[in-house]
Amino acid sequence: MDYLSLSAWEIAEKIKNKEISAVEVTKLSIGRAKKLNETINGYITICEEEALKKASEVDAKIASGETLSPLAGVPYAMKDNICTKNILTTCASKMLYNFKPPYDAFVTKRLSDADCVLIGKTNMDEFAMGASNETSYFGPVRNPRNTDCVPGGSSGGSAAVVAADMAFFAIGSDTGGSVRQPASFCGVTGLKPTYGMVSRFGLIAFASSLDQIGPITKNPKDAALVMNIISAHDPMDSTSLDIKRPDYSENLDGDIKGLKIALPKEYFAAASEDVLSRIKDTVSALERLGAVVEEVSLPAADYALAAYYIISSAEASSNLARYDGVKYGFRAENFTDIMDMYRKTRGEGFGKEVKRRIMIGTYALSSGYYDAYYKKALQVRGLVKKSYDEIFEKFDIIASPVYSTTAFKLGEKLSDPVEMYANDLCTVSANIAGVPAISVPCGNGSDNLPIGIQLTGKPFAEDLLIKVANKIHSEGGRN
6 MDYLSLSAWE IAEKIKNKEI SAVEVTKLSI GRAKKLNETI NGYITICEEE
56 ALKKASEVDA KIASGETLSP LAGVPYAMKD NICTKNILTT CASKMLYNFK
106 PPYDAFVTKR LSDADCVLIG KTNMDEFAMG ASNETSYFGP VRNPRNTDCV
156 PGGSSGGSAA VVAADMAFFA IGSDTGGSVR QPASFCGVTG LKPTYGMVSR
206 FGLIAFASSL DQIGPITKNP KDAALVMNII SAHDPMDSTS LDIKRPDYSE
256 NLDGDIKGLK IALPKEYFAA ASEDVLSRIK DTVSALERLG AVVEEVSLPA
306 ADYALAAYYI ISSAEASSNL ARYDGVKYGF RAENFTDIMD MYRKTRGEGF
356 GKEVKRRIMI GTYALSSGYY DAYYKKALQV RGLVKKSYDE IFEKFDIIAS
406 PVYSTTAFKL GEKLSDPVEM YANDLCTVSA NIAGVPAISV PCGNGSDNLP
456 IGIQLTGKPF AEDLLIKVAN KIHSEGGRN
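Numbering (my numbering), first residue to last: 6 to 484.
Here's what the structure looks like:
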């Protein structure tokens with residue numbers, strides 16, 4: 006049997022039933038990760054010693070008859086901007102090339118306590134800034150479905166290793182689409198939860214009011230099981246929501262009769278024929294299951310993209326000011342005084358895209374431009390939130406493309422960052438409004454590359470999104 010092709014919940018059942026041990030599964034996963042990483046470049050660090058130790062502990066618990074979590078013994082991967090105690094956490098940047106955190110992030114600890122087995126830290130766009138996973142200091146990640154193409158970004162490594170069966174699931178972060186877009190490009194499921202549903206403690210910040218940690222999985226059921234582990238209140242994160250969470254896996258097979266789905270016309274305008282065709286087919290399938298579909302307008306979407314890049318860059322400018330070569334990370338070797346050390350450290354430690362966004366953000370926050378750019382972007386944020394609230398008064402979910410095309414070729418858009426930014430139109434609004442959104446495969450394009458459909462819901466509607474995504478998956482969305 007090809008154990009590595011199984012889903013997370015399927016391999017967990019086989020481990021519990023002693024058909025295969027956690028150590029054996031971990032060895033298989035690490036072996037495949039090492040072999041394929043030469044081509045895919047999905048991992049920055051593979052944690053073989055730590056993983057085998059953890060897997061041995063799980064096998065011992067099974068042998069002693071302990072009650073374990075639903076994903077105990079399952080090998081998974083973590084995006085390299087989420088802290089792992091004493092394990093390299095680089096944000097795919099020269100600036101943090103040697104950083105080993107002295108503590109675990111909240112999600113790292115939750116997964117460890119649930120006896121999941123961390124096998125590696127995944128490659129990403131530097132400091133999560135990018136949509137193609139080409140800005141990494143450690144080189145680009147390649148899409149397992151076509152290695153000439155990008156896997157999407159910034160959580161490209163996480164999506165790629167799941168799609169290539171190099172891990173059973175992965176954790177990513179989503180600031181403007183960084184879980185959903187790579188999931189779409191690689192043909193897997195990616196969920197961005199409601200802001201505050203998953204703690205950001207231990208997530209190295211890009212834009213604090215937009216960042217959210219989420220799972221990338223082989224199917225929606227796996228996403229539900231991972232969410233059951235990582236979604237909880239955390240007193241160490243002031244934005245963590247202290248509310249009751251549902252069992253996300255409880256109602257996966259419930260019917261969707263009467264479900265009201267909105268299709269915002271602004272999100273379909275730039276989509277390719279392939280994307281439009283697959284999404285139309287998927288929506289039609291949901292209609293046959295009893296859903297009610299209607300086209301709507303989301304006028305604030307036209308301004309959301311500009312607002313996103315101002316807000317995110319401004320917050321990046323602030324958050325990345327801490328990297329000065331003084332306490333940790335990279336420090337320039339040759340300098341004349343402390344100011345020269347700051348300048349050279351930041352000039353040599355950050356890549357081109359990170360520098361670009363820091364400069365945009367610093368400009369937007371500077372005297373004389375704050376009101377014209379940053380303040381206005383925050384006002385637009387309010388309009389976007391209001392637009393979503395108005396739609397959700399009448400509808401249960403919004404369906405749209407994740408991206409206007411399938412995965413593009415490596416290097417194709419690097420020379421024109423504005424074009425790269427423009428294609429984030431469909432994903433950034435969910436982060437601006439703080440609402441949950443999921444990408445689930447809905448077929449392939451004429452180039453045989455995956456296409457994802459995005460489902461966006463009201464705050465705290467993750468369980469509904471996962472249920473509808475599971476219907477799409479059951480109807481044959483994954484090819």
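Don't be surprised by glycine CBs; every beta carbon is placed ideally from N, CA and C.
Contact between the stretch 441-454 and the stretch 274-284 is present, with at least three C-beta pairs closer than 8 Å. Cβ-Cβ distances below 7 Å link VAL301 to ALA267, LEU268, PRO269, ILE396 in the same chain, with the five nearest sequence neighbours on each side left out; the list follows chain order. A direct Cα-to-Cα measurement between PRO149 and GLU15 gives close to 22 Å. As summarised for the stretch 286-326, the continuous alpha helix (DSSP H) elements at least 4 residues long and confined to that stretch are 306-324, given in chain order. Nearest to SER137 by C-alpha distance, out of THR244, ALA296, GLY162, is GLY162. Annotation: SER392 to ASP170 spans about 39 Å, alpha carbon to alpha carbon. Following the DSSP letters along the chain, one finds SER189 inside the alpha helix (DSSP H) bounded by residues 185-191.
Contact check for VAL433 against TYR313 passes: the beta carbons are separated by less than 9 Å. The beta carbon of TYR379 sits closer than 7 Å to the beta carbons of ILE315, ALA319, ALA369, LEU370 from its chain, once the five residues preceding and following it are set aside; these are given in chain order.
The closest CA to that of LEU101, considering only LYS114, ILE67, LEU469, ASP329, is found on ASP329. For PHE413, there is no enclosing beta strand (DSSP E), since its DSSP letter is neither H nor E. The stretch 15-84 contains, as complete alpha helix (DSSP H) runs of 4+ residues, the segments 27-45, 53-68 (chain order). Between the alpha carbons of THR367 and LEU33 lies a gap of roughly 47 Å. The residue among ASN91, VAL112, GLY181, THR411 with its C-alpha nearest the C-alpha of PRO106 is ASN91. Under the criterion of beta carbons closer than 8 Å, ALA404 and ILE458 qualify as touching, at roughly 6 Å. Spatial neighbours of CYS88 in its own chain (CB-CB distance under 8 Å, excluding positions within 5 residues in sequence) are listed in chain order as THR94, PRO106, TYR108, ASP109, ALA110, THR113, GLY207, LEU208, ILE209. Inclusion of THR244 and VAL122 in the CB contact set at 9 Å is not warranted, their separation being larger than that value. In this structure, GLN217 and VAL231 do not form a Cβ contact; the two beta carbons are roughly 14 Å apart against a cut-off of 8 Å. Between GLU139 and GLY125, the C-beta gap is not smaller than 9 Å, which leaves the two residues out of contact. Secondary structure note for CYS447: its beta strand (DSSP E) is the uninterrupted segment 442-449.
DSSP places LYS265 inside the beta strand (DSSP E), whose first and last residues are 265-269.
In this structure, ASN224 and ALA412 do not form a Cβ contact; the two beta carbons are roughly 20 Å apart against a cut-off of 8 Å. Ranked by Cα distance from MET346, the first of GLY263, LYS332, LYS357 is LYS332. For THR341, the closest of GLY334, THR350, GLU54 by C-alpha to C-alpha distance is THR350. In the DSSP assignment, SER434 falls within the alpha helix (DSSP H) that extends over 430-438. Annotation for ILE343: no beta strand (DSSP E) segment contains it, though the alpha helix (DSSP H) segment containing it runs 343-354. Out of GLU55, ILE471, LYS357, the CA that lies nearest to the CA of THR199 is found in ILE471. Minimum Cα-Cα distance from GLU467 among the listed residues GLY36, VAL79, LEU196, GLU480 corresponds to LEU196. Within the stretch 359-423, the complete beta strand (DSSP E) segments of 3 residues or longer fall at 402-406, listed in chain order.
DSSP, read as helix, strand or coil, puts LYS197 in strand. Within the model, the alpha-carbon separation for GLU255 versus LYS19 is close to 21 Å. Annotated three-state conformation of VAL122 is strand, per DSSP. Note on geometry: alpha-carbon atoms of ALA60 and SER189 lie some 31 Å from one another. For the set GLY182, GLN186, THR194, GLY181, the Cα lying nearest the Cα of ALA175 is the one of THR194.
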